[in-house]
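A.B. asks: The numbering used here puts the first residue of the sequence shown at 25, with every later residue one more than the last.
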Amino acid sequence: DTYDDIGLDAPVGGNTIDEVPDPDCSAVVCTVTELANFDLWAWEQLLDGRATTFDDGGTTTPAVALRNVQGCIVFTADTGRTNTGIVDVVIQWQGLKETADAVNGGAVCGDADDEDLTRRQVVVSTYVIDETEL
Numbered sequence: 025d026t027y028d029d030i031g032l033d034a035p036v037g038g039n040t041i042d043e044v045p046d047p048d049c050s051a052v053v054c055t056v057t058e059l060a061n062f063d064l065w066a067w068e069q070l071l072d073g074r075a076t077t078f079d080d081g082g083t084t085t086p087a088v089a090l091r092n093v094q095g096c097i098v099f100t101a102d103t104g105r106t107n108t109g110i111v112d113v114v115i116q117w118q119g120l121k122e123t124a125d126a127v128n129g130g131a132v133c134g135d136a137d138d139e140d141l142t143r144r145q146v147v148v149s150t151y152v153i154d155e156t157e158l
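1. Take Glu43 as the anchor and find which of Ala101, Glu68, Ala34, Val53 has the nearest alpha-carbon.
2. Excluding five sequence neighbours on each side, which residues of the same chain lie with their C-beta closer than 7 Å to the C-beta of Gly37?
3. By a C-beta neighbour count over all protein chains shown, 10 Å radius and 16 as the cutoff for buried, is Asn39 buried or exposed?
4. Can we say the segment 132-152 touches the segment 111-118, given the rule of at least three CB pairs closer than 8 Å?
5. Thinking just about the alpha-carbon of each residue, which of Ile97, Gly82, Pro86, Pro35 is nearest to the one in Ala75?
6. Roughly how many angstroms lie between the CA atoms of Thr123 and Val88, to the nearest whole one?
7. In its own chain, which residues sit with a C-beta less than 6 Å from the C-beta of Asp154, not counting the 5 before and 5 after it?
8. Quick test of your reading: Val111 and Val152, contact by CB under 8 Å. State the CB separation rounded to the nearest angstrom.
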């Protein structure tokens, strides 16, 4: 899988990126695409709780993890622009009890929609500008 297949407008989490990207960009100089793939893998490792693990009878188990966590990066380009617009980073997980979240129903990351009353989300939005498009 590559950054083009997952991550941008598609969820990560739950071991969707099953192998460490090659090359390991924490140890060598990488191209922009290689670094994007590595960063996406590293983000998924954090989402899945693999940054802190323990030995459970010979099995490496994440010590901390949200239930059914997924992360999405959603880019909405401004009219007439390709690389200028709004970037939303969404982290979505399954809560223990039903409630309502405050996120707009259209903000979906993965399978759970606003009808799933156990869905929890946090969304961080920012605006990016490609100076060549000004």
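Even for Gly, the Cβ is constructed at its ideal location relative to N, Cα and C.
C.D. replies: Working from what's here:
1. Glu68
2. Glu68, Leu71, Asp72, Val93, Gln94, Gly95
3. exposed
4. Remark: three or more beta-carbon pairs, one from each stretch, lie closer than 8 Å, so the segment 132-152 and the segment 111-118 are flagged as touching.
5. Pro86
6. Thr123 and Val88 have their C-alpha atoms some 23 Å from each other.
7. Asn107, Thr108
8. For a cut-off of 8 Å, the C-beta gap from Val111 to Val152 is around 6 Å, short enough to register as a contact.
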